[in-house]
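One rule links them: number in this note's numbering = place in the sequence shown (from 1) + 17. For glycine and all other residues, C-beta sits at the position ideal for the given N, C-alpha and C.
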Amino acid sequence: MDGTSGLAIAAAGRHDLVDQHEDAAATTDIVRSVLHCAALATGSDDTEIIVCGTHAYHLLNPLPGDFAGQLFVHVLFDGDTGNLALARYRLRGILAEFAADDHER
């Protein structure tokens, strides 16, 4: 997702659950709100936002590197059959690959 424009840059998986463009705009608002909320300021970089719904989890992760929090990954998965801990672990590995690719350039 592009945190500046609120548009989806790429999408994969099932799209019948939500409209990807509406989802991009809504999750961009969530990320902006969390990153700019003084009450949540801890002095460290926010690396993950987890939203727990009744039947789903949303993982929102800013991309590491020179993007200054402008790009983020949104993973939506079923809360009944998905595994939150495993999804977080796998997503950290994927994001680490992005950071490694960024440093090689």
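CA nearest to the CA of residue 66, picked from 72, 109, 117:
109
Please report the residue range of the alpha helix (DSSP H) in which residue 47 lies.
37-52
Taking the alpha-carbon positions, what's the residue 113 to residue 81 distance?
8 Å
Residue 79 - containing beta strand (DSSP E), residue span
73-79
Just to confirm the assignment, what range does the beta strand (DSSP E) spanning residue 123 have?
The first residue shown for the chain is 18 and the last is 122, placing residue 123 beyond what the model contains.
Taking the CB atoms as reference points, tell me whether residue 18 and residue 43 lie closer together than 7 Å.
no
Using the three-state DSSP reduction, which class does residue 139 fall into: helix, strand or coil?
No answer is possible for residue 139: it lies beyond the span of the chain, which begins at 18 and ends at 122.
Three-state secondary structure (DSSP) of residue 122
Because the pLDDT of residue 122 is 49, which lies under 50, any placement of that residue in the model is unreliable, and the question is left without a value.
Determine the burial state of residue 24: buried for a count of at least 16 other Cβ atoms within 10 Å of its Cβ, exposed for fewer.
exposed
May I ask you to list the residues that DSSP assigns as paired with residue 19?
24, 88
Could you check if residue 76 is buried or exposed, using at least 16 other CB atoms within 10 Å of its CB as the buried criterion?
Burial call: buried.
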